[in-house]
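Here's the structure, in structure tokens; my notes come after.
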Amino acid sequence: MDATNTEVGVANIKNSGDQARLAPWTERLAPLGNLSQVVMFACMLMYAFGQLFFFSDGYTKNVSVTIGNWYGYPTKATDHEEMVLPTFFFLFCFLPMAVAILVFEFLRYFSVRRITSSHVLRLTRFLRLKPRIMGRVLHKSCGELLFLAFVIGGNIYVFQYFYRDAIAPQEEYNSSVDMTTYLQTIALTFGYVCIYNMAFLFLPATRNCVWMEFLNISYANGVRYHRWFGTLTILTALLHCTGFYWSWIREGTWVEDALPCFRNCKVGEDGEYRWKTHSEPLRCCAS
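Mapping of the sequence shown onto the working numbering: residues 18 to 304, in sequence order.
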């Protein structure tokens, strides 16, 4: 009996704390809370869309050209081609993520269940359901399965896009493609897959993350996915390096390609000398 009263008391304290945290002006500005929810959801979609759109012809032929024109590339002699990629990732990755975090914190002042429309509540209720397959209830919710499907499907899409984009033109003009070309293509492809995984590596690893809250991913499962993504990121990076090293060994150029500063670094001076004399102890030994 005492334990029951204690649990009820704790629940009442939590509820009273939640009520005290709600700002009085939120009752009058409920539409602002609805707009904030729309903005947060749009930021999530933009972030996810940006990761896949980067690996598409639309980015290569249109968006990258438009961003390049902002910096005078390639028409001006003083262009800044190096700013194309950072600008894209700032607009489609960092900015949506930052805005979603700020809006998510802003919504804490509202009674979210009270201001949320019935359509959104039905959607969130569906995402929290745990489907039943062959009479067994899965341990993962529909939102969790949707997140995993997006990440795994994205890996498959990115790999096939760059592999097809690099191999298909060569097979069209050449009857056969040598092993070195295949190795370098696969290595480059795994490098882009590694970048895609890095974009989602940190998302499920923070408490009160927007993605975790919306898709009903528990913190324990979020940490587990973070470890899986970390392992997958390291594995794809290792395959990226292995493919290039294997191709360089086959060509007999691994010293020039893998260890450029033991030979000429193409910086106007002898690379070996610069490598030996970059610090005082080695400079003394070299002399």
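Even glycine gets a Cβ: it sits at the ideal position worked out from N, Cα and C.
Supposed close pair Tyr71, Phe105 - CB separation, criterion 8 Å: Counting from 1 along the sequence shown, the entry for residue 71 is found at position 54. Counting from 1 along the sequence shown, the entry for residue 105 is found at position 88. Reading off the sequence, residue 71 comes out as Phe, not Tyr. So it is a contact: roughly 7 Å between Cβ atoms.
Continuous alpha helix (DSSP H) stretch holding Glu99: start and end: In the sequence shown, residue 99 corresponds to position 82, counting from 1. Premise fails: Glu99 is in no alpha helix (DSSP H) and is neither H nor E.
With 16 other Cβ atoms within 10 Å as the buried cut-off, status of Tyr213: In the sequence shown, the residue the question calls residue 213 occupies position 196. So Tyr213 counts as buried.
Beta-carbon proximity of Thr202 to Ala183, cut-off 8 Å: Here residue 202 refers to the residue found at position 185 of the sequence shown. Here residue 183 refers to the residue found at position 166 of the sequence shown. Yes, the Cβ-Cβ distance between Thr202 and Ala183 is below 8 Å.
The segment 112-120 contacting the segment 46-63, beta-carbon criterion three pairs below 8 Å: yes
Span of the alpha helix (DSSP H) around Ser264: Residue numbering aside, residue 264 sits at position 247 when the sequence shown is read from its first letter. Counting along the chain, the alpha helix (DSSP H) containing Ser264 begins and ends at Tyr236 to Glu268.
Cα-Cα separation between Val154 and His243, rounded to whole angstroms: Stepping through the sequence shown from its first residue, residue 154 is reached at position 137. Stepping through the sequence shown from its first residue, residue 243 is reached at position 226. Near 24 Å, if we compare the C-alpha coordinates of His243 and Val154.
Nearest-angstrom Cα separation, counted from Leu232 out to Ala166: Translated into positions along the sequence shown, residue 166 becomes position 149. Translated into positions along the sequence shown, residue 232 becomes position 215. Taking the straight line joining both Cα atoms gives about 12 Å.
Helix, strand or coil at Val194 according to DSSP, with G and I counted as helix: Taking the first residue of the sequence shown as 1, we reach residue 194 at position 177. Coil at Val194, not helix or strand.
Inter-stretch contact at 8 Å, needing at least 3 Cβ pairs: the segment 196-210 / the segment 246-262: yes
Rounded separation between Tyr190 and Gly50 - CA only: For this step, residue 190 is matched to residue 173 along the sequence shown. For this step, residue 50 is matched to residue 33 along the sequence shown. The straight-line gap from Cα to Cα measures roughly 58 Å.
Alpha-carbon to alpha-carbon, Gly67 and Val80: Taking the first residue of the sequence shown as 1, we reach residue 80 at position 63. Taking the first residue of the sequence shown as 1, we reach residue 67 at position 50. Distance between the alpha carbons of Val80 and Gly67 is about 11 Å.
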